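Residue numbers (my numbering): 18 to 360.
Here a beta-carbon is modelled for each residue, glycine too, at the ideal position from N, C-alpha and C.
Please read these numbers as outputs of a predicted model, since none were measured by experiment.
Notes follow once the structure below has been shown.
In structure tokens:
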């Protein structure tokens, strides 16, 4: 009799719940169900990163996935949805695991966790959405190591070329990312270029300086940019022009300011010109003509334009004709590069 009575009472409570929202004790949530750690994303992210049970509880039923795969000799972005995340996907969010792999975890408000290294090898973006609580809704895996390994198997690359190419890939892949994620792709490109420069690639050194000065990637210290451009200019003469300009403006592109380091700028231009840079010869002509870096010297400017004329007739002739129209007469005893210029 007691059993039947309890059964009737449970049945009544179930009907009441459906019709009147009563009998709450019959449907109370299990004490073991994880509660939302916080509505504040930074606080939620801290708990989510450190507690596996929270990670399991606050993942969307269907997670959007983006990853980069090899498509012949270049990377390709593929997107889809997954119903279950591999445990390894979330292990990198545990601070101890990240630290052991030389990864950093960053909370990027309002709704992202960024996991990356400082060498351009690993980059994942975890994107959350908010309802009753925060849930992991999207995983973006921009890491290129596997792609680079696949492409490099049949190639013999010079030191730093692998990192140089990977940096260029990150740079291009930023066009496929949201502006928020793109920031980290440009940072990964810079890290890759720096790694290539460290291995001795002058092209990577020039690319690192360039993307840093572009404003897309983090800005390096001026001394680091100078070091990169000096390293690049030893093998790439035209990089000396970039170095000369940086000595003058330090990356602040304002035509009104005075050259900050005129002697170093001129030395860089002369060195680049002596190594065969036509752009450096042309810029020397402009410098001597205008007189903003050193005092104007029109005969020497004419000599520089004449040197340009030998290698780039169209550009050089414009400079020669422009000065001739002002009454400047060519003097073969005057050389563009002063005696003793660095070679």
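Assigned with DSSP and collapsed to three states, residue 240 falls in helix.
Under the DSSP assignment, residue 92 falls in the beta strand (DSSP E) whose first and last residues are 91 to 99. Looking at the DSSP output, residue 87 bridges to 92. Residue 72 has its alpha-carbon roughly 27 angstroms from the corresponding atom of residue 136. Going by DSSP, residue 129 is part of the beta strand (DSSP E) stretching over 129 to 133. Runs of the alpha helix (DSSP H) lying entirely within the region 164 to 223 and spanning at least 4 residues, in chain order: 178 to 190, 196 to 215. Residue 261 is positioned such that its CB atom lies closer than 7 angstroms to that of residue 286.
For residue 79, the closest alpha carbon among the candidates 108, 217, 156, 335 is that of 156. Rounded to whole angstroms, the separation of the alpha carbons of residue 85 and residue 162 is 10 angstroms.
Inter-residue distance for residue 208 and residue 250 is about 20 angstroms (C-alpha atoms, whole angstroms). With a cutoff of 7 angstroms on beta-carbon distance, residue 75 and residue 152 are scored as near each other. Residue 288 carries a helical assignment under DSSP once its states are collapsed to helix, strand and coil. In the DSSP assignment, residue 277 falls outside any alpha helix (DSSP H) and carries neither an H nor an E. One Cα belongs to residue 185, the other to residue 350, and the distance between them is close to 46 angstroms. Membership of residue 154 in the beta strand (DSSP E) is indicated by the continuous run 151 to 158.
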